[in-house]
Amino acid sequence: MELNDIKHDKSQASIEDITNSIVGETEYEISFSHGVEDNSKGGSSFLAYFNVVCVVCGTGALGLPYALKQGGWIGLLILGLSWIFSSYSGTVLIQCLYYNGKTRLSSYQEVAEASFGKIGGWISFFFTAVTLIGVPVLYTLLAGQNLHSVAKGTSAELTFPIWVIICSVVVSIPFVFFKSMKEVGLLSAAGMLATILVILIVVIVALQNKSGYTNVAHDAVIWNQFPIALSSIAFSFGGNPVYAHVEAGMRNPKHWNRVVVGGLTTCFGLYMLIAVPGYYVYGVETESPIYNNLPDGPAKMASIIIITLHVIMAIPILLTSFALDLEKLFGISSFNHSFIKETILRISLRLTLIVIVTVIAIFVPFFGDFMSLLGAFSNCALILIFPIIFYLKLTGFRNKSWTELILCFFVVLLGIVGLVFGTISAIEALKADFQGQ
């Protein structure tokens, strides 16, 4: 497991210039299996790009116009900063996997353990588990609720728990039988297409409805709601927990910088495409998700169905990343077991995860607001705070320019602000839930 060559290439453009001019583009020529049985059979950079976009640009995009309603047009500045900061954290996180110049760490948890020992590893594992289990639960809830509402009053009407179970069964097929992130890449491409279709539908219908919203109000900044909007926007670029596994499934891991920067830039473009027209048309009447502002009819129905397909295709990506961590933890691999035993153990573990997600989605009350509370910690920590701390701990301060150290400071600062105010908002939502029982 030797790292044979590290060299720098600063020839990339746009936002990639920002990250590469600070940390350099590091190319890794490795002599070990990079997350697949034969590295030459790894997935293409395009599949990795689709993985990034599908995981990051999901249902959160549909809530960005509402975030602008909360904080005003200044939210676009925060959106831009989040794009730059998350691009930077995504590149340095993968650099941490190769920090010693000899071996490649395999996961976010191993980076944390290399930085702060066993305690750091387990803290990171907890936050990662919250995200990679909690988000699939929320997606399963959303898919079940959407299908239940669409089918209500028709011959296909079923109860909400049955729809959740049906969604879980559909998700389990690719999740159980696709072993690595490389294999779920096609789902990512389809999920990305679904997101683009929903955004286009919403934008086109919203602009057509502009004549009915002639006197809507807009604000440049709403200071008392701005921190909450900031925390919501900061969460919209969260993909760090899966990046190590996405990069591990690449045929050419040296292309990681352009993959993550390209993926997050695509997400930023899609976010701007829906956030600006959505808030411009509906103003203070903007709802979340934004398709709730659309009039009842084929466009709204299509948006609901397509976003449901997206979340169903995104769930296996998130769960596969977490399953790979667990399989590493429990030693479930062809190195430790025969092919048959390894397959049985892997399928059993993944079916157990599906059952856990399904049970939580059906039976845990107020799970969405509980997840918001945990997510305020886990998302900001995993996306903005931890990668920078790990990077500085593993590679040192003295070899960094003042420009990079200042950038690190502001990345961590945004993460802390989002963590604090996101937590306050989630606690207030939970308080309202229990008082309303």
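Heads up, the sequence shown stops at 436 in my numbering, and the numbers go up one at a time, no gaps. C-beta: ideal position from N, C-alpha, C; glycine also. All of these numbers come straight from a predicted model, not from anything done at the bench.
How big is the Cα-Cα spacing for residue i and residue j?
i, j, result
"Gly417", "Lys327", "32 Å"
"Leu76", "Pro64", "14 Å"
"Lys299", "Trp82", "29 Å"
"Trp222", "Gly70", "7 Å"
"Ala150", "Thr158", "10 Å"
"Thr90", "Tyr270", "21 Å"
"Val258", "His217", "36 Å"
"Gly330", "Ser105", "13 Å"
"Ala245", "Val363", "Here residue 245 is Val; the residue named in the question, Ala, does not match the sequence. Cα to Cα, the separation comes out at about 31 Å."
"Ala322", "Leu348", "8 Å"
"Phe433", "Ala60", "28 Å"
"Cys166", "Pro315", "11 Å"
"Leu429", "Thr422", "11 Å"
"Arg103", "Glu341", "23 Å"
"Gly238", "Val55", "5 Å"
"Trp162", "Cys53", "23 Å"
"Asn99", "Val110", "11 Å"
"Tyr107", "Ala243", "7 Å"
"Gly62", "Glu286", "8 Å"
"Gly262", "Met191", "10 Å"
"Asp295", "Lys117", "53 Å"
"Phe84", "Phe385", "13 Å"
"Arg397", "Trp255", "25 Å"
"Ile361", "Val354", "11 Å"
"Lys209", "Tyr281", "8 Å"
"Thr178", "Val51", "The sequence as given places Lys at residue 178; Thr does not occur at that position. Roughly 18 Å separates the two Cα atoms."
"Ser337", "Glu427", "51 Å"
"Gly499", "Ala189", "No answer is possible for residue 499: it lies beyond the span of the chain, which begins at 0 and ends at 436."
"Tyr27", "Lys101", "Unreliable positioning characterises Tyr27 in this predicted model, as indicated by a pLDDT of 48, which lies under 50. The coordinate reading is nonetheless provided below. If I take the Cα positions, the gap works out to 11 Å."
"Leu140", "Ala193", "18 Å"
"Pro252", "Thr264", "19 Å"
Quick one: give me the first and last residue of the alpha helix (DSSP H) that residue i is part of.
i, result
"Pro252", "Careful: Pro252 lies outside any alpha helix (DSSP H) and carries neither H nor E."
"Asp218", "Here Asp218 belongs to no alpha helix (DSSP H), and DSSP marks it neither H nor E."
"Glu182", "Unbroken run through Glu182: none, as it is neither H nor E."
"Arg397", "From DSSP, Arg397 is part of no alpha helix (DSSP H); its letter is neither H nor E."
"Pro135", "Tyr107 to Ala150"
"Val163", "Phe159 to Phe176"
"Ala301", "Pro297 to Phe329"
"Trp82", "Gly74 to Leu96"
"Pro294", "Per DSSP, Pro294 belongs to no alpha helix (DSSP H) and is neither H nor E."
"Ala233", "Phe225 to Ala233"
"Glu341", "Phe338 to Phe362"
"Gly62", "It is not in any alpha helix (DSSP H) - Gly62 carries neither H nor E in the DSSP assignment."
Keeping to the same chain, check which residues put their C-beta closer than 6 Å to that of residue i; ignore five residues upstream and five downstream.
i, result
"Ile346", "Val175"
"Glu36", "Unreliable placement is indicated for Glu36, whose pLDDT of 45 sits below 50; the coordinate value is still reported in the next sentence. Result list for Glu36: empty, nothing under 6 Å."
"Val197", "Ser302, Ile305 and Ile306"
"Glu156", "Ala150"
"Gly143", "Phe159, Trp162, Val163 and Cys166"
"Phe389", "Cys95, Val110 and Ser114"
"Asp324", "Ser106"
Checking the sheet assignment: what are the DSSP bridge partners for residue i?
i, result
"Gly42", "Met249"
For the putative contact between residue i and residue j, defined by C-beta atoms under 8 Å, what is the C-beta separation to the nearest angstrom?
i, j, result
"Ala233", "Leu383", "7 Å"
"Phe236", "Cys266", "7 Å"
"Ile387", "Ser114", "About 11 Å; that fails the 8 Å criterion."
"Phe49", "Ser187", "4 Å"
"Phe125", "Ala380", "Rounded, the Cβ-Cβ distance is 10 Å, inconsistent with contact."
"Leu352", "Leu318", "6 Å"
"Ile343", "Val201", "Actually they do not touch by this definition, with Cβ atoms about 45 Å apart."
"Val241", "Ser320", "4 Å"
"Val136", "Val356", "5 Å"
"Leu146", "Ala274", "That pair is no contact at about 27 Å."
Between which residues of its own chain and residue i is the CB-CB distance below 7 Å, once the five residues before and five after are set aside?
i, result
"Val204", "Leu293 and Ala298"
"Phe227", "Checking the sequence shown, residue 227 turns out to be Ile, not Phe. Taken in chain order, the residues that qualify are Gln69, Phe420 and Ser424."
"Ala66", "Gly74, Ala228, Ser231 and Ile232"
"Tyr138", "Val310, Ala313 and Ile314"
"Leu393", "Cys95, Tyr98, Ala113 and Ser114"
"Ser377", "Phe126, Val129 and Thr130"
"Ala375", "Ser230, Leu418, Gly421, Thr422 and Ala425"
"Val283", "Lys68, Val215 and Ala216"
"Ala219", "Gly71, Trp72 and Ile73"
"Pro276", "Val202, Ala205 and Leu206"
"Pro173", "Val183, Leu186 and Pro315"
So, at 8 Å on beta carbons, what are the nonlocal neighbours of residue i in its own chain, with the 5 sequence-adjacent residues on each side left out?
i, result
"Ser148", "Ile303"
"Asn335", "Glu341"
"Ile195", "Leu269"
"Ser39", "The predicted position of Ser39 is uncertain, since its pLDDT is 48 and thus under 50; no value can be drawn from it."
"Leu92", "Tyr107, Val110, Asn239, Tyr242, Ala243, Pro386, Phe389 and Tyr390"
Any beta carbon from chain B within less than 8 Å of residue i's own beta carbon?
i, result
"Leu157", "Among the protein chains of the structure shown there is no chain B, as only one such chain exists."
Is the closest heavy atom of the ligand COA to the C-beta of residue i under 7 Å?
i, result
"Val51", "No copy of the ligand COA occurs in the structure displayed, which carries no ligand at all."
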